[in-house]
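Novice: First the structure, which I've put down as structure tokens, then a few questions once you've had a look.
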Amino acid sequence: MSTKTLILIEFVHHYEEQLKHMREIESQDDYSSCGKPKLQVLDNGILTHAASLYTRTIFKRFNEEFLQSLSEHISSATFDGLDYVYTLKRGGIHREHVVRFNAADFSVSCECKLFESKWWLYRHALHVLNMNISVKDIPSAYILKRWTKGAKQGIVNDECNEMSPGESKFNRFSMLMQESFEVMSLEAEDVNTMKIARKNLGKMKAEISSYKSFVVVNANASDDDDDNEASSCDISILDPLWSRGKGTTYGRLKSSSEKKKRIHKN
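See below:
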């Protein structure tokens, strides 16, 4: 057995162990998320919404940020014609954070950019949202489905539907790699499952090759259409066909003097 094959097998075994561990953690989290956690702040729309929405693990982190947001205070507030701009400070800390809030669509952004890295709202944005009485719950734009209790239901289909054409190649590769390793783990159990996997892999390769050929043909056809449209602009317009009127001959048109001579002869 080659070194590369041995390394791949070790990697697959390690992946299976890690995947098993992750599934155990997820199962425990799903079980503990069945009930609603006890709230430390009652009658708050945002916190109540988070408790019913997020898994218990994510809610713990969200709840911590919400409690920390109570220590923030607004040192200045302005309106630039579109957004309300708040400057937040915390007692005993000189550092300031600027938060922008749009009352029309409830969009909020903070210069700390922690939401963009963790994908749940942090204390600065939560403080601004919580102080606006028009905000009753977490705006939908700031709810990542993977952190919610119902994330596992139809997760594969949702990922495929939500994946945009501009999604990075790395993200697509990561998703396919995860599913591929799951198939590899199943197919390695016996010879029959391996045959099933190889048979379907052949179908997949044929279907992908057919699709790629179809895309190439359509692209070439599109280029030909563009060339035809361009060449049609160079077609010269010919004079219309001349038709003989009633009582006229196909011969040369005669002058008036020739017509008079013919009359005198008759």
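Numbered per my numbering, the sequence shown spans residues 2 to 267. Beta carbons: idealized from backbone N, C-alpha and C, even for Gly. Here the structure is a predicted model, which means the values were calculated and not measured.
PHE80: buried (16+ other C-beta within 10 angstroms of its C-beta) or exposed?
Specialist: PHE80 is exposed by the Cβ-count criterion.
Novice: Using a Cβ-Cβ cutoff of less than 7 Å, which residues in the same chain neighbour HIS128 once the five nearest sequence positions on both sides are dropped?
Specialist: The answer, listed in chain order, is SER70, GLU73 and LEU89.
Novice: Based on Cα-Cα distance, which residue from MET132, TYR85, ILE134 and MET185 lies nearest to ALA198?
Specialist: The shortest Cα separation from ALA198 among MET132, TYR85, ILE134 and MET185 belongs to MET185.
Novice: Closest to PHE67 by CA distance: which of ALA142, ASN201, LEU122 and ALA207 is it?
Specialist: Residue LEU122 is the option with its Cα nearest to PHE67.
Novice: Are the segment 40 to 47 and the segment 93 to 108 touching, with three or more C-beta to C-beta distances below 8 Å?
Specialist: Flag = no, the segment 40 to 47 and the segment 93 to 108 do not touch.
Novice: Which residue wins for smallest C-alpha separation from ARG124, given the options ILE47, LYS21 and VAL216?
Specialist: The option with the nearest alpha carbon to ARG124 is ILE47.
Novice: Between the C-alpha atoms of PHE12 and VAL86, what's the straight-line distance to the nearest angstrom?
Specialist: Cα-Cα distance, rounded: 50 Å.
Novice: Using only the heavy atoms of the ligand MG, determine whether one of them is closer than 6 Å to the beta carbon of ALA198.
Specialist: Because no ligand of any kind appears in the structure shown, any question about the ligand MG cannot be addressed here.
Novice: With which residues is LYS90 paired in a DSSP beta bridge?
Specialist: Paired residue(s): HIS74 and GLU97.
Novice: Mapping DSSP to helix, strand and coil, what is TYR123?
Specialist: TYR123: coil per DSSP, three-state reduction.
Novice: Applying the criterion that 16 or more other CB atoms from any shown protein chain within 10 Å of the CB defines a buried residue, is PHE63 buried or exposed?
Specialist: By the 10 Å Cβ count, PHE63 comes out buried.
Novice: If you compare alpha carbons, which of THR58, VAL216 and VAL217 is closest to ARG147?
Specialist: Nearest C-alpha to ARG147: THR58.
Novice: What span of residues does the alpha helix (DSSP H) with SER53 cover, start to end?
Specialist: Its alpha helix (DSSP H) spans residues 46 to 54.
Novice: Nearest to ALA78 by alpha carbon, out of LYS213, HIS22 and MET132?
Specialist: Selected option, being the one with the closest Cα: MET132.
Novice: Pull up the distance between the alpha-carbon of CYS113 and that of LEU130, whole angstroms please.
Specialist: Between CYS113 and LEU130, the C-alpha separation is close to 16 Å.
Novice: Kindly indicate which three-state DSSP category VAL13 falls into: helix, strand or coil?
Specialist: VAL13 falls in the helix class under three-state DSSP.
Novice: Note down, in chain order, each residue of its chain lying with its Cβ closer than 6 Å to the Cβ of PRO140, except the 5 sequence neighbours on either side.
Specialist: Cβ neighbours of PRO140 beyond the five flanking positions: PHE107.
Novice: Quick one: residues in its chain with C-beta nearer than 7 Å to the C-beta of ALA52, no 5 flanking neighbours on either side, listed in chain order?
Specialist: Excluding sequence neighbours, ALA52 sits near LYS37, PRO38, LEU40 and PHE60.
Novice: How would you call TYR212, buried or exposed, if buried means at least 16 neighbouring beta carbons within 10 angstroms?
Specialist: TYR212 is exposed by the Cβ-count criterion.
Novice: Using a 10 Å radius around the Cβ and a threshold of 16 neighbouring Cβ atoms, would you call ALA142 buried or exposed?
Specialist: Counting Cβ neighbours within 10 Å, ALA142 comes out exposed, since fewer than 16 surround it.
Novice: Going by other Cβ atoms of all chains shown within 10 Å of its Cβ, with 16 needed for buried, is VAL109 buried or exposed?
Specialist: Looking at its Cβ environment, which holds 16 or more other Cβ atoms inside 10 Å, VAL109 is buried.
Novice: Taking 7 Å as the cut-off, decide whether the C-beta atoms of LYS150 and THR56 are in contact.
Specialist: Closer than 7 Å, so yes.
Novice: Helix, strand or coil: how does DSSP classify LYS135 here?
Specialist: Checking the displayed sequence, the identity of residue 135 turns out to be Ser instead of Lys. Here SER135 sits in coil by DSSP.
Novice: If you count every other CB in all the chains shown that lies within 10 Å of the CB of ALA126, and 16 or more means buried, which is it?
Specialist: ALA126 comes out buried.
Novice: Between LEU145 and the rest of its own chain, which residues show a CB-CB distance below 8 Å, the 5 nearest in sequence each way excluded?
Specialist: Cβ neighbours of LEU145 beyond the five flanking positions: TRP120 and TRP121.
Novice: Could you name the residues of the same chain whose beta carbon sits closer than 6 Å to that of LEU54, not counting the 5 residues immediately before and after it, in chain order?
Specialist: These residues qualify, in order along the chain: THR149.
Novice: Beta-carbon within less than 8 Å of ARG91's beta-carbon, same chain only, minus the 5 sequence neighbours each way: which residues are those?
Specialist: Answer for ARG91: SER72, GLU73 and HIS74, listed in chain order.
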